[in-house]
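Everything in the sequence shown is counted per the numbering used here, starting at 1 for the first residue and increasing by one. Cβ coordinates follow ideal geometry from the N, Cα and C atoms, glycine included. Let me begin by presenting the structure, written as structure tokens, before commenting on it.
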Amino acid sequence: MAENYDLLVLGGGPAGLAAGIYGARAKLKTAIIEKGRPGGQAATTGELINYPGFGPGTTGPELTQAMAEHAKAFGVEFIKDTVIGLKLDGNIKIISGKKGEYYAKAVIIALGAEPRLLNVPGEGKLRGKGVSYCATCDADLFEELDVAVVGSGDAAVEEAEYLTRFANSVTMIVIHDEGHVDANPVSAERAVKSEKIKWVWNSTVKTINGDEIVDSITVKNIKTGEESDLAVDGVFIYVGTVPKTDLVRGILELNPQGYILTDDKMRTNIEGVYAAGDVRDKYLRQVVTAVADGSIAAVAAQKYIQERELWEKEVINSPKPVVVVYYNPIDMQ
1 MAENYDLLVL GGGPAGLAAG IYGARAKLKT AIIEKGRPGG QAATTGELIN
51 YPGFGPGTTG PELTQAMAEH AKAFGVEFIK DTVIGLKLDG NIKIISGKKG
101 EYYAKAVIIA LGAEPRLLNV PGEGKLRGKG VSYCATCDAD LFEELDVAVV
151 GSGDAAVEEA EYLTRFANSV TMIVIHDEGH VDANPVSAER AVKSEKIKWV
201 WNSTVKTING DEIVDSITVK NIKTGEESDL AVDGVFIYVG TVPKTDLVRG
251 ILELNPQGYI LTDDKMRTNI EGVYAAGDVR DKYLRQVVTA VADGSIAAVA
301 AQKYIQEREL WEKEVINSPK PVVVVYYNPI DMQ
């Protein structure tokens, strides 16, 4: 039997959790559909140092757990299911999951993004056997061992710092010239000064080696072409993310990189459908911007539902004839 809601949020990361809080606060029957634990990518972050009100030492899991508890306290229902199909073009949106169908008057897509793969030999075979995309999840498995981190953005540098609490050494593999780090200046400076972090510049990973577990990586210098093997017990990969938009491809308008296009109210090209967080085409992808997106999307969805219900009551279902007048105030003299 299908469940009926006012607002369905697909995805339980910061954007989805904020949307749920704002939806429930507006007295909408709201549910978040998430196949795993709430928190999204933020829940895999070792330390969040730039979320307002939460200083250094706050972990991603702590913050997102607090958000989830906040949503539950407001009456948001959490549905553990995997979405496999969407029908979004009608007034009632139909979400098909592995466990059942769900109906809603409005939907917010907050599916987030997932780690971009290196797509090098050995990566797939050794995933979970030394290859990781989450230091918060796996750092303790590398106590007193040597690891490499691929990338130089905020995630790479901040997670490398986290790894120094456990690993014997952390080697950063960076494609840029020496000294060029893409992370924010504070994190970059701290990482460069760390005695436990080494740097390999102008380089990429060509292969990840090992039979049953990772034992080394082959590194190629992009300027000289020279290749060398680096003995490591683990490889943590942070080379960006890709949006989880396969479900909406061909339904919603996407940019060339696959992110959902919205306006400033988080509206997509389909009425009653919104997008929020890392899945959306935007300038900055951070927890704070995801929360803002989710809040805006929920408020916009609430107003959309309210206006549609009023239209149906006063016009569509009116027992008496109704005159509807449209005008453009800009053109009036």
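The C-beta distance from GLY23 to ALA290 rounds to 15 angstroms, too long to meet the 8 angstroms contact threshold. In this structure, the straight-line span from the alpha carbon of GLU226 to that of VAL174 is close to 15 angstroms. For THR207, the pairing in a beta bridge is given by DSSP as THR218. When the Cα atoms are used, VAL76 and ILE95 turn out to be separated by approximately 17 angstroms. For THR30, the enclosing beta strand (DSSP E) starts and ends at 30–33. Cβ contact annotation for ASP140 (same chain, cutoff 8 angstroms, sequence separation greater than five): PHE166, in chain order. Look at ARG267 here: in three-state DSSP terms it is strand. For TYR22, the uninterrupted alpha helix (DSSP H) run begins and ends at 14–25, by DSSP. Within the same chain, Cβ atoms closer than 6 angstroms to the Cβ of ILE213 are found at LYS129 and GLY130, the five residues on either side in sequence being excluded. Between the C-alpha atoms of GLU62 and VAL325 there is a straight-line separation of about 53 angstroms.
The three-state reading of DSSP puts PHE166 in coil, since its state is none of H, G, I, E or B. Nearest neighbour of LEU163 by Cα position, chosen from SER228, HIS180, ASP138 and LEU7, turns out to be ASP138. For ILE173, the beta-bridge partners assigned by DSSP are VAL150 and VAL200. Residue range 113–115 is occupied by the beta strand (DSSP E) that includes GLU114. In this structure, LEU7 and ALA73 do not form a Cβ contact; the two beta carbons are roughly 17 angstroms apart against a cut-off of 8 angstroms.
Each of GLY294, ILE251, VAL287 and LYS320 was checked against the Cα of GLY90, and the nearest Cα belongs to ILE251. With contacts defined as CB atoms closer than 8 angstroms, LYS265 and ILE296 qualify as a contacting pair.
Contact between the stretch 53–71 and the stretch 142–156 is absent: fewer than 3 CB-CB pairs across the two stretches fall below 8 angstroms. Contact between the stretch 96–115 and the stretch 263–278 is present, with at least three C-beta pairs closer than 8 angstroms. Judged by their CB atoms, VAL232 and ILE222 are not nearer to each other than the 8 angstroms cut-off. When DSSP states are grouped into helix, strand and coil, TYR283 belongs to the coil group. Counted as a single uninterrupted DSSP element, the stretch harbouring LEU63 is not any beta strand (DSSP E) but the alpha helix (DSSP H) occupying residues 60–73. In the three-state reduction of the DSSP assignment, ARG190 falls in the helix class, which pools H, G and I.
In summary, ASP211 is exposed, with fewer than 16 beta-carbon neighbours lying within 10 Å of its beta-carbon over all protein chains present. The beta carbons of GLU114 and THR30 sit about 25 angstroms from each other, so the pair does not count as a contact at 8 angstroms. Judged by DSSP in its simplified three-state form, ALA290 adopts helix.
In the structure shown, ARG127 falls within a strand segment according to DSSP collapsed to helix, strand and coil.
For ILE94, the pairing in a beta bridge is given by DSSP as LYS87 and TYR103.
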